[in-house]
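K.L.:
Residue numbers (this note's numbering): 179 to 628. From the three backbone atoms N, C-alpha and C, an ideal C-beta is built for every residue, glycine too. This structure is a prediction, so every number in the text was calculated from the model and none was measured.
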RNA sequence: GGAGAGGUGGCGGAGUCCGGUUGAACGUGCCUGACUCGAAAUCAGGUGUACUCGCAAGGGUACCGUGGGUUCGAAUCCCACCCUCUCCGCCA
């Protein structure tokens, strides 16, 4: 096999074995538990997560003790077997009996080990990743604004929100969607369709120029892959649709399928960082989100997105995180939409995220007289996802292979960008202008008036 | 959907009938050394992953798709499952 995408060809017999599905979730390095205990305790405190570190450490030690005991037993067994190889027939029986005794000893130990490991794993899964020292401490409202670009437009007429614009310009149809599919689905019509394609195409182009290899990715993935990458082990309501009678889920983001590419892989250091860009549909159940700001296109069950994903060495990941943010900003600037960049507070971070930057675009139709609303998000997950993914690389400066770091970011999430475009670029006559950067992809510079 | 073939190390490919000396022949790729002004060719040696014990040197355990069974002992025997490929049919 050659090396598609520059990924070291591994044994691609599949993703992770289905049998290991049950408890798969990203997790922390077990060895760091005691080594960096205080740091982990601090990170949990800042995230507002309660975890019993000492119980976890005790569980790890117990599993370890049993493992050592079982290995000693296996060793004894191996030696016994080797000794019995060419035994004369008359000694066979006695040897067999002795062997059986050892076997039973091991058989007694084994389930204990399995139980101990499971107990440990359950505790470990409750512990989130470290947090970046500079991430602000606090909850959803405690983000730090890193920069603000552009100024919200002062309208000399009463601006409409994207729902009104979408209706007037015949771009959006929620009524039909609710009949056909249900709430929080939508039809795009007329120029909106071309706008979606233009946005995807444009974002892909910006990503490609930055070195991100374009991928059109599957919209479904195995449960095991989803569990390896996706959402927090904090037992939140699941965001994922499952396909009945299969082990497949609809992906909530191409992060899942792009990240899955690196599972069970050992990269060469020279091929890192590996930058991937993916177009996909995203499906989210949005369970438990009723009542949250969910007007129109803001929170929907299905949307199209261009995602950025990277596998890096530990040394590269901070820089790559900045790079992803820069790409996201480049896109927002080209779309001529005012935005600000925020450093997400520790309590609002998903378990795998070490640090997260969001871009919030100005949406004139949001709230009373316009508000910022999230349009992109980029996270550095360090080695948290890679551990379960078994995504490693050969270090040139050490004998041991090391886990890679993974990062993800949104280049374009269509519906939310659509909101920003329609609401920010609306004109007094009811039309909407198309930013210059997009015109090459849309083929028109204005929608309406109608 | 119907029929067949197969899953072994970075890759290719033995071994499976006749269970032990096979972590695994052989080839190839890669690394190191010798030869060379240098390279090619040739020759010699090395070259999986994870966990674990040890200050180190160096040990140990597990892994031949996955899980279970038989056995003192399984890549090799038995059962179940998963996956891949080929052919036919159907279809964007």
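In chain order, what are the residue ranges of uninterrupted beta strand (DSSP E) at least 3 long that sit wholly in the region 292 to 329?
P.N.:
You should have 322 to 327.
K.L.:
Please go through the same chain and pick out, in chain order, the residues whose beta-carbon is closer than 7 Å to the beta-carbon of residue 619, but skip the five residues on each side of it.
P.N.:
On the first chain, position 441 is the one that residue 619 refers to. Excluding sequence neighbours, residue 619 sits near 376, 379 and 380.
K.L.:
Residues in the same chain with beta-carbon distance under 6 Å from residue 483, minus the five sequence neighbours each way, listed in chain order, please.
P.N.:
Walking along the first chain from the start, residue 483 turns up at place 305. Taken in chain order, the residues that qualify are 460 and 591.
K.L.:
Ordered along the chain, which non-local residues of its own chain (more than five positions away) have a Cβ less than 7 Å from that of residue 419?
P.N.:
On the first chain, position 241 is the one that residue 419 refers to. The residues are 427, 428, 461 and 463.
K.L.:
Quick one: is residue 621 buried, meaning 16 or more other Cβ sit within 10 Å of its Cβ, or exposed?
P.N.:
For the purposes of this step, residue 621 is identified with residue 443 of the first chain, where counting begins at 1. Classification of residue 621: exposed, given that the 10 Å Cβ count is below 16.
K.L.:
Of the residues 361, 363, 436 and 365, which one's Cα is nearest the Cα of residue 393?
P.N.:
Locating residue 393 in the first chain gives position 215, counting from the first residue. Of the candidates 361, 363, 436 and 365, the one whose C-alpha sits nearest the C-alpha of residue 393 is 436.
K.L.:
Considering only DSSP beta bridges, list what residue 391 is partnered with.
P.N.:
As a position in the first chain, residue 391 is number 213, starting the count at 1. 454, per the DSSP bridge assignment.
K.L.:
Taking residue 332 as the reference, give the member of 602, 615, 612 and 617 with the closest Cα.
P.N.:
Counted from its first residue, the first chain places residue 332 at position 154. With distances taken between Cα atoms, residue 332 lies closest to 602.
K.L.:
Within a Cβ cutoff of 6 Å, which residues of the same chain sit near residue 352, ignoring the five residues on either side of it in sequence?
P.N.:
Residue numbering aside, residue 352 sits at position 174 when the first chain is read from its first letter. Excluding residues within five positions, the ones whose Cβ falls inside 6 Å are 364.
K.L.:
May I ask you to report which of helix, strand or coil DSSP gives residue 541?
P.N.:
As a working mapping, residue 541 is identified with position 363 in the first chain. In this structure, residue 541 counts as strand in the three-state DSSP scheme.
K.L.:
Give me the Cα-Cα distance between residue 478 and residue 236, rounded to the nearest whole angstrom.
P.N.:
Position 300 of the first chain, counting from 1, holds the residue named residue 478. Position 58 of the first chain, counting from 1, holds the residue named residue 236. Whole-angstrom Cα-Cα distance: 44 Å.
K.L.:
Do residue 588 and residue 313 have their CB atoms nearer than 8 Å?
P.N.:
Residue 588 sits at position 410 when you count from the first residue of the first chain. Residue 313 sits at position 135 when you count from the first residue of the first chain. No, they are not a contact pair.
K.L.:
Around the C-beta of residue 269, are 16 or more other C-beta atoms found within 10 angstroms, so that it is buried, or is it exposed?
P.N.:
Residue 269 sits at position 91 when you count from the first residue of the first chain. The residue in question, residue 269, is exposed, as its Cβ has fewer than 16 Cβ neighbours within 10 Å.
K.L.:
So, is residue 604 buried or exposed, given that buried needs 16 or more other C-beta atoms within 10 angstroms?
P.N.:
Walking along the first chain from the start, residue 604 turns up at place 426. Under this definition residue 604 is a buried residue.
K.L.:
Can you find the residues in the same chain that come closer than 8 Å, C-beta to C-beta, to residue 222, ignoring five residues on each side of it along the sequence?
P.N.:
Here residue 222 corresponds to residue number 44 of the first chain, with the count starting at 1. So the qualifying residues of the chain are 228, 229, 231, 305 and 306.
K.L.:
Tell me which same chain residues have a C-beta within less than 7 Å of the C-beta of residue 255, skipping the five on either side of it?
P.N.:
For the purposes of this step, residue 255 is taken as the residue at position 77 of the first chain. For residue 255, where only same-chain residues beyond five positions count, the Cβ hits under 7 Å are 280, 281 and 284.
K.L.:
From residue 522 to residue 449, what does the alpha carbon distance come to, in whole angstroms?
P.N.:
As a first step, residue 522 is located in the first chain; it is residue number 344 there, counting from the start. As a first step, residue 449 is located in the first chain; it is residue number 271 there, counting from the start. Rounded to the nearest angstrom, the two C-alpha atoms are 30 Å apart.
K.L.:
Compute the distance between the beta-carbons of residue 556 and residue 585, then report whether it is under 8 Å.
P.N.:
As a first step, residue 556 is located in the first chain; it is residue number 378 there, counting from the start. As a first step, residue 585 is located in the first chain; it is residue number 407 there, counting from the start. The answer is yes: Cβ separation under 8 Å.
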